[in-house]
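A short write-up of the structure that comes next.
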Amino acid sequence: TAANIVQLNAEGVNLALRTDGKSVARREEIAQITTQLTNKFNTAMNELSAKGSGSFPQFRSSELDRTNTEYLFYRPVLYRQGSSQEYVRGIVLVKVSTVKLIQSVDSARRTIVYTSVIIALVAIIIGAVGSFLVASIIVKPIRKLAAHVAVIGETADKTKLNGRDIEITSHDEIGQLGETVNEMTHGLVKAAQDEKLLMDGKVVQQTFLPLLTGKEGGKETIAQLNENKVQCFGYYEGASGVSGDYFDYRKLDSRWYVLIKCDASGHGVPAALIMTVVATLFRKYFESWSYTKNGTQINVLVAQINDFIESLGIKGKFATIIICLFDTETGDVYMCNAGDNIVHIYDSTAHKQKTLTLLETPAAGPLPSFMVNMKGGFRVEKTSLLRGDVLFLYTDGIEEATRKFRDGSFNVTKCREPGMKEGDTHGNHKVGQESEQLEPERIKAIIEAVFAGTEYTLEKYHNPIPGEDLKFDFTTCRGTIEEAIIALVSVEKVFRMYKDTNVTAADTVRVDKKIDAFLHEHFSRYDYYCGAKKDDAASSNYLEYMFLKEDEQLDDLTLLAVRRP
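One gets the numbering used here by counting positions in the sequence shown from 1 and adding 192 to each.
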């Protein structure tokens with residue numbers, strides 16, 4: 193190719209001075225061919241030069257060698273000169289050091305790492321600050337709620353929570369929770385206010401009963417009268433704030449005493465209103481009583497009470513009543529009842545309690561007296577007390593005290609006595625029932641054990657603690673009517689108590705201090721059931737057993753015992 197270029201250049205030189213058309217055309221053709229051949233030759237030379245280029249040691253751009261930092265790059269210089277056949281005109285040598293390149297790469301890498309670390313730290317800080325702010329927005333109201341709930345729990349008098357709402361401005365779930373807590377607080381305040389009204393009503397109701405007055409001026413749970421001719425002892429514990437149970441005893445003169453026991457139907461304010469009616473009429477009648485003027489015709493008072501309650505027109509409300517007029521000289525007891533015809537007398541000679549059934553009469557209230565008179569009316573009956581005999585008057589709250597059956601896990605269960613089918617009688621209950629009552633048989637046995645000074649063992653059907661020995665040692669009792677009454681209410685309390693495996697200090701049972709003292713002296717399992725206790729915040733008459741539960745007291749406990757000394 194180079195020879196052709198030389199040859200064509202020589203021919204072009206020869207034609208340079210010729211001006212004829214043919215020569216001019218040939219020169220142009222030679223110039224064009226020469227240009228093409230020159231370009232082709234130069235391309236070939238460049239390719240050869242590139243193939244002959246390199247470095248020592250070999251440099252790889254994809255892998256930076258940190259061991260060899262000095263490189264010698266070489267490239268041959270090829271070009272054509274005239275008609276010479278030698279094309280290699282020289283070699284270009286360049287010595288290069290990669291130290292600064294490596295330093296630059298390392299510096300760039302460090303910069304990237306530092307920048308990444310700083311960005312990461314900034315991101316973490318921003319995230320932490322953001323999380324803290326978000327957490328504060330969420331947690332602060334929750335802490336506020338928790339503190340408010342703690343205040344609610346620690347405030348014994350819930351009426352003091354009136355107006356102490358929690359303010360949460362958010363409208364999310366936490367705000368809704370705050371509104372719920374406020375509604376709950378309002379409910380607690382309302383319930384506490386209602387309870388306070390009931391307790392105020394209970395205080396008023398207790399003024400109708402002959403209960404003793406305590407050191408702080410409040411009424412106790414007992415009534416007591418000790419005279420040469422008669423001894424009386426009563427106990428009252430309502431199941432709710434106010435109730436319909438009522439008893440009283442009064443000395444009419446040096447010879448005569450009168451007793452009354454009343455149980456108005458239902459609970460709460462309606463029952464208490466009926467009870468106050470009975471108490472008012474009873475007191476009014478005997479204010480001016482004399483044997484000469486009135487004799488033993490206490491049926492007149494029963495009829496008056498009946499007609500007054502009936503005239504009120506309160507549907508479904510009535511009162512069972514028994515009034516006893518006691519002649520302390522002869523021991524005669526004149527009795528008139530309205531729907532309460534069962535009387536219990538402890539025979540001090542036979543050392544047994546016997547039951548006296550009076551004539552059946554309707555309760556006071558449902559029917560006017562003229563209709564009752566069509567079937568004989570309210571009649572006066574007589575019995576006699578020998579010296580030492582005790583007349584017991586009590587409402588059905590003691591006999592019908594109820595406890596639930598529980599299995600070994602203390603879950604409520606039904607009677608499934610082996611070998612018996614549904615409806616069969618098992619002791620004092622039927623198969624398929626889930627509870628039992630204290631029953632008259634137990635009451636009779638307790639009274640006789642107290643007066644005899646013997647032991648009494650309380651047996652619970654389907655007791656979650658198999659073989660439990662609930663023993664009451666009455667051998668130290670003196671046989672007083674006070675001991676008999678307190679023994680009954682104490683056994684009734686134990687009858688309903690239970691201590692499951694999940695009890696906590698928050699599980700408490702409110703108990704009369706007189707009952708606690710009696711149990712401490714006579715109950716064999718006192719330490720197990722009653723060992724942990726604290727004073728009751730609401731009344732000095734009570735204390736609370738901790739780590740203990742009880743079945744609900746369904747009815748009032750009203751008991752009165754009268755002994756002829």
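Don't be surprised by glycine CBs; every beta carbon is placed ideally from N, CA and C.
With a minimum length of 4 residues, the unbroken runs of alpha helix (DSSP H) contained wholly in the segment 494 to 582 fall at 561 to 565. The alpha-carbon of residue 490 is positioned some 13 Å away from that of residue 476. For a cut-off of 8 Å, the C-beta gap from residue 355 to residue 748 is around 35 Å, too long to register as a contact. Counting other Cβ atoms within 10 Å of its Cβ, residue 712 stays below 16 and is therefore classed as exposed. In the DSSP assignment, residue 465 falls within the alpha helix (DSSP H) that extends over 460 to 479.
Along the length of the segment 629 to 694, whole alpha helix (DSSP H) runs at least 4 residues long occupy 631 to 644, 673 to 688, reported in chain order.
The three-state secondary structure of residue 285, taken from DSSP, is strand. Residue 399: not part of any beta strand (DSSP E); DSSP gives it neither H nor E. With fewer than 16 other beta carbons inside 10 angstroms of its own, residue 295 counts as exposed. Nearest to residue 578 by alpha-carbon distance, out of 535, 757, 353, 304, is 757. The three-state reading of DSSP puts residue 437 in strand, counting E and B together. From the listed residues 442, 494, 708, the smallest Cα separation to residue 401 is found for 442.
Closest in C-alpha terms to residue 381, from the list 404, 351, 398, 368, comes 351.
A straight line joining the alpha-carbon of residue 741 with that of residue 700 spans about 6 Å. Only exposed fits residue 283, as fewer than 16 other CB atoms lie within 10 angstroms of its CB. For residue 589, the enclosing alpha helix (DSSP H) has its first and last residue at 588 to 591.
In the structure shown, the three-state DSSP call for residue 297 is helix.
Between residue 494 and residue 568, the alpha-carbon positions lie close to 14 Å from each other. When the beta-carbon positions are compared, residue 196 and residue 240 stay at least 8 Å from each other. At the C-beta level, residue 743 and residue 688 come within 8 Å of one another. Beta bridge pairing from DSSP links residue 442 with 450. Closest in C-alpha terms to residue 201, from the list 225, 210, 217, comes 225. Within its own chain, the residues whose Cβ lies closer than 7 Å to the Cβ of residue 717, once the five positions on either side in sequence are excluded, are 662, listed in chain order. Per DSSP, reduced to three states, the secondary structure at residue 306 is helical. Counting only the Cα atoms, residue 584 lies some 15 Å from residue 528. A residue is called buried when at least 16 other Cβ atoms come within 10 angstroms of its Cβ; residue 737 meets this threshold and is buried. Ranked by Cα distance from residue 623, the first of 642, 597, 639 is 597. Taking C-beta atoms as the reference points, residue 448 and residue 539 fail to come closer than 8 Å. Going by beta carbons, residue 556 and residue 501 fall inside the 8 Å limit.
Excluding sequence positions up to five before and after residue 627, its CB lies within less than 6 Å of the CB of 594, 596, all in the same chain and listed in chain order. In the DSSP annotation of this structure, residue 719 is not part of any beta strand (DSSP E); the continuous alpha helix (DSSP H) holding it starts and ends at 718 to 722.
Taking a contact as a CB-CB distance under 8 Å, the pair residue 590 and residue 635 counts as one, their CB atoms being some 6 Å apart. Going by DSSP, residue 754 is part of the beta strand (DSSP E) stretching over 749 to 755. Under the DSSP definition of a beta bridge, residue 215 lacks any partner. By the Cβ test, the segment 649 to 656 is in contact with the segment 596 to 610, since at least three Cβ pairs between them sit closer than 8 Å. Counted as a single uninterrupted DSSP element, the stretch harbouring residue 404 is not any beta strand (DSSP E), since DSSP gives it neither H nor E.
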